[in-house]
Amino acid sequence: MVNSLAIGLGTKDKKLGWLEFFFVEPCSGIDDKFLNQLKKIITIPNQTLSLNDDKVIANLLAILDKTNDQHKKLIDFIAQATKKASYLSAKNRQLVAILLTDDVALSDVGVAYLKLHLLSYRHFKPNELNLTNIFSVLPNVAWSNKGPINPANVADELWKARFTDDALFIRSIDKFPRLTDYVIPANVRIANSARIRLGAYLGSGTTVMHEGFINFNAGTQGPNMVEGRISAGVWVDENSDLGGGASTMGRLSGGGDILISVGKNCLIGANAGLGIPLGDNCIIESGLYVTAGSKLKVLSKDGVIVSESVKASQLSGKDNLLIRRNSLNGQIECLTTLAPASLNAELHKNN
Amino acid sequence: MVNSLAIGLGTKDKKLGWLEFFFVEPCSGIDDKFLNQLKKIITIPNQTLSLNDDKVIANLLAILDKTNDQHKKLIDFIAQATKKASYLSAKNRQLVAILLTDDVALSDVGVAYLKLHLLSYRHFKPNELNLTNIFSVLPNVAWSNKGPINPANVADELWKARFTDDALFIRSIDKFPRLTDYVIPANVRIANSARIRLGAYLGSGTTVMHEGFINFNAGTQGPNMVEGRISAGVWVDENSDLGGGASTMGRLSGGGDILISVGKNCLIGANAGLGIPLGDNCIIESGLYVTAGSKLKVLSKDGVIVSESVKASQLSGKDNLLIRRNSLNGQIECLTTLAPASLNAELHKNN
Amino acid sequence: MVNSLAIGLGTKDKKLGWLEFFFVEPCSGIDDKFLNQLKKIITIPNQTLSLNDDKVIANLLAILDKTNDQHKKLIDFIAQATKKASYLSAKNRQLVAILLTDDVALSDVGVAYLKLHLLSYRHFKPNELNLTNIFSVLPNVAWSNKGPINPANVADELWKARFTDDALFIRSIDKFPRLTDYVIPANVRIANSARIRLGAYLGSGTTVMHEGFINFNAGTQGPNMVEGRISAGVWVDENSDLGGGASTMGRLSGGGDILISVGKNCLIGANAGLGIPLGDNCIIESGLYVTAGSKLKVLSKDGVIVSESVKASQLSGKDNLLIRRNSLNGQIECLTTLAPASLNAELHKNN
Numbered sequence: 577m578v579n580s581l582a583i584g585l586g587t588k589d590k591k592l593g594w595l596e597f598f599f600v601e602p603c604s605g606i607d608d609k610f611l612n613q614l615k616k617i618i619t620i621p622n623q624t625l626s627l628n629d630d631k632v633i634a635n636l637l638a639i640l641d642k643t644n645d646q647h648k649k650l651i652d653f654i655a656q657a658t659k660k661a662s663y664l665s666a667k668n669r670q671l672v673a674i675l676l677t678d679d680v681a682l683s684d685v686g687v688a689y690l691k692l693h694l695l696s697y698r699h700f701k702p703n704e705l706n707l708t709n710i711f712s713v714l715p716n717v718a719w720s721n722k723g724p725i726n727p728a729n730v731a732d733e734l735w736k737a738r739f740t741d742d743a744l745f746i747r748s749i750d751k752f753p754r755l756t757d758y759v760i761p762a763n764v765r766i767a768n769s770a771r772i773r774l775g776a777y778l779g780s781g782t783t784v785m786h787e788g789f790i791n792f793n794a795g796t797q798g799p800n801m802v803e804g805r806i807s808a809g810v811w812v813d814e815n816s817d818l819g820g821g822a823s824t825m826g827r828l829s830g831g832g833d834i835l836i837s838v839g840k841n842c843l844i845g846a847n848a849g850l851g852i853p854l855g856d857n858c859i860i861e862s863g864l865y866v867t868a869g870s871k872l873k874v875l876s877k878d879g880v881i882v883s884e885s886v887k888a889s890q891l892s893g894k895d896n897l898l899i900r901r902n903s904l905n906g907q908i909e910c911l912t913t914l915a916p917a918s919l920n921a922e923l924h925k926n927n
Numbered sequence: 577m578v579n580s581l582a583i584g585l586g587t588k589d590k591k592l593g594w595l596e597f598f599f600v601e602p603c604s605g606i607d608d609k610f611l612n613q614l615k616k617i618i619t620i621p622n623q624t625l626s627l628n629d630d631k632v633i634a635n636l637l638a639i640l641d642k643t644n645d646q647h648k649k650l651i652d653f654i655a656q657a658t659k660k661a662s663y664l665s666a667k668n669r670q671l672v673a674i675l676l677t678d679d680v681a682l683s684d685v686g687v688a689y690l691k692l693h694l695l696s697y698r699h700f701k702p703n704e705l706n707l708t709n710i711f712s713v714l715p716n717v718a719w720s721n722k723g724p725i726n727p728a729n730v731a732d733e734l735w736k737a738r739f740t741d742d743a744l745f746i747r748s749i750d751k752f753p754r755l756t757d758y759v760i761p762a763n764v765r766i767a768n769s770a771r772i773r774l775g776a777y778l779g780s781g782t783t784v785m786h787e788g789f790i791n792f793n794a795g796t797q798g799p800n801m802v803e804g805r806i807s808a809g810v811w812v813d814e815n816s817d818l819g820g821g822a823s824t825m826g827r828l829s830g831g832g833d834i835l836i837s838v839g840k841n842c843l844i845g846a847n848a849g850l851g852i853p854l855g856d857n858c859i860i861e862s863g864l865y866v867t868a869g870s871k872l873k874v875l876s877k878d879g880v881i882v883s884e885s886v887k888a889s890q891l892s893g894k895d896n897l898l899i900r901r902n903s904l905n906g907q908i909e910c911l912t913t914l915a916p917a918s919l920n921a922e923l924h925k926n927n
Numbered sequence: 577m578v579n580s581l582a583i584g585l586g587t588k589d590k591k592l593g594w595l596e597f598f599f600v601e602p603c604s605g606i607d608d609k610f611l612n613q614l615k616k617i618i619t620i621p622n623q624t625l626s627l628n629d630d631k632v633i634a635n636l637l638a639i640l641d642k643t644n645d646q647h648k649k650l651i652d653f654i655a656q657a658t659k660k661a662s663y664l665s666a667k668n669r670q671l672v673a674i675l676l677t678d679d680v681a682l683s684d685v686g687v688a689y690l691k692l693h694l695l696s697y698r699h700f701k702p703n704e705l706n707l708t709n710i711f712s713v714l715p716n717v718a719w720s721n722k723g724p725i726n727p728a729n730v731a732d733e734l735w736k737a738r739f740t741d742d743a744l745f746i747r748s749i750d751k752f753p754r755l756t757d758y759v760i761p762a763n764v765r766i767a768n769s770a771r772i773r774l775g776a777y778l779g780s781g782t783t784v785m786h787e788g789f790i791n792f793n794a795g796t797q798g799p800n801m802v803e804g805r806i807s808a809g810v811w812v813d814e815n816s817d818l819g820g821g822a823s824t825m826g827r828l829s830g831g832g833d834i835l836i837s838v839g840k841n842c843l844i845g846a847n848a849g850l851g852i853p854l855g856d857n858c859i860i861e862s863g864l865y866v867t868a869g870s871k872l873k874v875l876s877k878d879g880v881i882v883s884e885s886v887k888a889s890q891l892s893g894k895d896n897l898l899i900r901r902n903s904l905n906g907q908i909e910c911l912t913t914l915a916p917a918s919l920n921a922e923l924h925k926n927n
């Protein structure tokens with residue numbers, strides 16, 4: 577059930593339209609009674625509603641419950657926005673609400689931002705929300721130290737700033753903003769906020785080091801140590817460690833149709849790479865890139881040869897694998913704690 | 577023809593002299609008539625001229641054409657600088673002009689900055705301008721959130737700032753500033769502006785992801801996806817994709833004399849590396865570093881062995897190559913769509 | 577002798593207590609006479625002393641020597657703090673002093689910050705100071721463009737900032753701040769300040785490029801080119817070059833008990849990795865990860881086989897090695913300039 581109520585601020589640009597949306601933590605998992613009340617006020621769900629009608633605001637406030645922590649945040653935010661209405665108007669910022677009831681393909685900038693918030697607020701996990709069309713729906717924005725700007729205007733702004741004390745810096749020009757401009761997940765460490773997009777899911781106890789990266793719709797269960805790159809769609813389960821510079825193949829570019837994931841208690845070595853979904857307790861040696869098409873020699877833990885050549889994709893989701901390149905003959909080997917016979921059966925059960 | 581007229585602002589430091597130059601988009605490809613007019617006003621070309629003589633400014637404005645878009649930018653910039661003259665003076669910023677007519681080795685900070693601008697404005701491509709001496713000509717600058725500072729002064733500024741609300745942050749201490757502090761190329765995405773130096777050439781349709789990097793005098797034709805590192809001097813042609821963490825060898829450190837490039841429609845896999853110039857439609861497997869000295873087994877597309885051992889440098893510029901490491905025997909293989917005979921002839925034509 | 581006197585500012589948070597400490601360059605290597613004077617004023621050494629007693633400040637100033645450059649910095653800093661006392665108080669910033677006499681395990685936030693400063697000021701080299709407990713002693717802090725914030729407060733601050741012109745950006749949420757917010761080492765280049773933690777030691781002549789990274793308690797002798805990652809505890813000696821994306825194994829995660837180091841005049845290739853301490857004049861081929869457990873074929877410079885299989889850990893600290901993967905058979909080879917006989921003796925002397 578995707579039912580969520582979100583209150584936030586949208587920023588408009590004269591030419592581009594909506595540039596971006598900041599939402600206070602949304603109310604998710606709302607019950608039928610409350611949903612029905614909301615539907616009478618927000619009569620068109622699943623799209624951005626500008627809250628510029630005092631009556632609508634009053635009706636909304638009337639059904640929010642001050643004793644509910646989630647509601648309280650929305651009430652406080654609306655109160656502040658009402659107080660600052662003329663300031664917001666001068667800045668092309670607008671109080672907005674979205675009632676999300678259907679998880680369909682995207683066609684509204686506000687809904688796209690809302691879904692990214694829902695992921696980063698840990699209300700939904702990667703791949704649980706429909707993000708179809710997100711690249712076409714989101715506008716490209718110049719993210720500056722003065723806030724979001726239409727990229728077409730930046731060149732002019734840059735030279736104007738040269739005649740003032742207000743230095744203007746562009747942090748990025750991207751369809752996705754940085755996570756920490758919008759959501760601060762509890763109990764995480766983020767060594768460089770430039771490396772995590774809004775829409776990333778950082779579970780409690782996640783540390784993302786300087787070389788770590790997490791794309792939108794991707795993330796970690798926590799606790800985890802992330803010193804490598806978690807591509808869009810990729811999920812890393814608890815207690816797994818992604819070594820420095822490690823790569824996980826995404827589906828957006830080059831990774832094909834397979835959705836990559838890492839199980840619990842895995843170690844992906846530094847500068848290694850992963851092109852298959854891994855089970856639990858797996859290790860990939862530092863510096864080794866395992867693609868789906870890599871052919872591996874499979875050995876039992878006692879060194880008994882189980883198979884001379886198995887495609888890595890056949891090992892998808894298997895637990896207790898140690899994958900390394902034999903440094904004396906260059907062959908990629910997969911050691912497993914399973915006995916040869918049962919392993920052999922495992923490998924062939926999907927054939 | 578390097579003929580260009582540039583107008584901009586230079587910042588001076590009491591001890592270091594010129595710290596940096598910001599140029600509005602220069603007029604390039606100027607014709608002989610206009611060039612001759614300019615030479616009478618800017619009597620010493622190819623060096624920085626401080627525009628502090630009202631007569632010179634008036635003469636310059638007199639020959640600029642308000643109906644020409646390029647000229648219009650220069651006119652507007654001069655007007656603003658004139659209006660803000662006392663402010664600029666108080667800030668050690670100076671209106672400057674450069675008439676570039678000879679593309680010789682660098683000896684002037686302003687000309688060095690101008691050439692970097694010309695590359696990033698796409699007026700010239702990487703390796704088309706003479707950048708000899710650039711490291712000795714450019715001063716090392718501390719790039720702060722308050723603008724450029726002489727690095728020798730930063731320690732004092734840091735502790736002074738601790739007694740004020742004006743937090744001081746050093747973004748980098750480098751001879752090259754960030755691209756986006758100076759030039760915003762049209763139709764690009766830049767996920768982290770800290771990763772692209774002024775002097776980078778980003779063709780239209782270029783996306784540089786968080787792990788991407790582009791040095792000065794290097795770049796992309798566009799459209800391109802850049803998730804790897806484009807070293808100084810390296811050029812990537814259209815529709816090619818540099819995977820996450822992919823390395824291209826530069827000539828500045830370790831790469832020797834060979835200038836690396838990537839042809840059209842290539843895919844350099846994640847964590848791969850490239851030490852030879854590639855032709856079109858080539859693929860390098862994720863995780864594989866091909867140096868010029870790597871010896872490859874060459875196979876036709878049908879798997880027929882063409883050569884047991886060819887140095888990668890002999891494959892420079894060849895199209896339609898798929899280079900990968902055989903995971904069963906550790907050997908680097910190069911598959912090609914050419915028939916064995918013609919391929920064999922290709923490989924040996926430079927012997 | 578760890579004897580150091582440090583004067584600085586600490587920032588307090590109502591709930592977390594001390595958030596961070598900024599120290600002006602400390603006086604290290606102080607002599608017995610001065611130490612005894614100090615002990616009478618700072619009666620409890622090795623912990624943070626809030627300098628809020630005018631008498632203590634006066635006594636301290638009385639024994640500092642204006643003609644001594646090190647002392648002069650402390651005098652100036654105290655003078656400024658005294659002048660700005662009410663401002664600092666309003667900002668929860670406090671003038672502090674630490675007299676460090678014993679290098680014991682950490683239990684005080686101020687002492688932890690002081691030791692990180694001492695490393696970055698090049699007063700001590702990596703692994704020379706006792707940093708035991710540093711992760712438990714240091715609080716996790718949100719480093720914003722407005723200064724340090726308790727991470728628990730950031731979400732509220734973020735939404736408040738949306739109703740003002742003062743954009744709030746979180747640069748990182750980490751126990752360690754950026755080096756350049758505290759210390760600016762002389763004669764270095766740092767292409768991206770986000771990649772170097774306070775506590776890093778950057779020797780004179782060190783250039784850290786965009787892909788370079790230096791953790792706390794790690795660093796370079798200088799001059800060095802750093803385009804790869806220097807993990808905690810790792811030391812790189814002069815004239816060595818860490819290629820783009822190169823990895824050095826740390827002891828914090830996965831690297832085991834071995835302390836990695838790189839000798840003089842070494843070249844670690846791009847995307848390579850190092851799991852053993854290297855001697856001088858060594859080369860590791862681009863893209864090759866040498867772990868301690870890698871088995872190498874050892875050859876003399878003339879290509880004579882010295883050993884068919886030697887564990888990389890046995891080559892620890894040896895000079896003049898060239899380690900590469902034979903691209904025709906996938907085997908890791910180590911070429912050495914030593915004659916086979918003497919090399920053989922070398923390899924076995926630790927057996």
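First to last, the protein sequences are chains A, B and C. First residue of the first sequence? That's 577 in our numbering, and the numbers climb one at a time after it. First residue of the second sequence? That's 577 in our numbering, and the numbers climb one at a time after it. First residue of the third sequence? That's 577 in our numbering, and the numbers climb one at a time after it. Idealized CB from N, CA, C, for every residue including glycine.
- A residue is called buried when at least 16 other Cβ atoms come within 10 angstroms of its Cβ; VAL880(A) does not meet this threshold and is exposed.
- For LYS591(B), the CB contacts under 8 Å within the same chain, skipping 5 residues up- and downstream, are ASN726 and ALA728 in chain order.
- Taking a beta-carbon distance threshold of 9 Å, LYS667(C) counts as an interface residue toward chain B.
- The Cβ of ASN847(B) sits closer than 9 Å to at least one Cβ of chain A.
- With respect to the C-alpha of ASN579(B), the residue from CYS603(B), LEU843(B) and TRP594(B) having the closest C-alpha is CYS603(B).
- Look at GLY795(A) here: in three-state DSSP terms it is strand.
- Counting C-beta atoms within 10 angstroms of its own C-beta, GLY845(A) has 16 or more neighbours from the protein chains shown and is therefore classed as buried.
- LEU690(B) and THR740(A) have their C-alpha atoms roughly 22 Å apart.
- In the three-state scheme derived from DSSP, where H, G and I count as helix and E and B as strand, ARG747(B) is classed as strand.
- Cα atoms of ASN920(B) and ILE908(B): separation of roughly 18 Å, rounded to the nearest angstrom.
- In the three-state reduction of the DSSP assignment, ASP645(B) falls in the helix class.
- A buried status is given to LYS894(C), since no fewer than 16 other beta-carbon atoms sit within 10 Å of its beta-carbon.
- Counted as a single uninterrupted DSSP element, the stretch harbouring SER662(B) is not any beta strand (DSSP E) but the alpha helix (DSSP H) occupying residues 661 to 666.
- The C-beta of VAL759(B) comes closer than 9 Å to at least one C-beta of chain A.
- TRP735(B) belongs to the set of residues whose beta carbon lies under 9 Å from a beta carbon in chain C.
- Residue environment: GLY851(B) is assigned as buried (16 or more neighbouring CB atoms within 10 Å of its CB, all protein chains considered).
- DSSP lists VAL886(C) as the bridge partner or partners of LEU872(C).
- Any Cβ of chain B closer than 9 Å to the Cβ of THR783(A) would place that residue at the interface, and such an atom is absent.
- If you draw a straight line from the Cα of SER712(B) to the Cα of MET577(B), it comes to about 25 Å.
- Remark: C-beta atoms of PHE598(B) and LEU707(B) do not approach each other more closely than 9 Å.
- At least one beta carbon of chain A lies nearer than 9 Å to the beta carbon of MET825(C).
- Straight through space, the alpha carbons of SER876(C) and ILE859(A) are spaced by roughly 34 Å.
- Taking C-beta separations shorter than 8 Å and ignoring five residues to either side along the sequence, the partners of ILE834(A) in its chain run MET825, ARG827, GLY851, ILE852, PRO853, ALA868, SER889 and SER892, following chain order.
- Between GLY839(A) and ALA822(A), the C-beta spacing is not below 9 Å.
- With respect to chain C, the C-beta atom of ILE766(A) has a partner C-beta closer than 9 Å.
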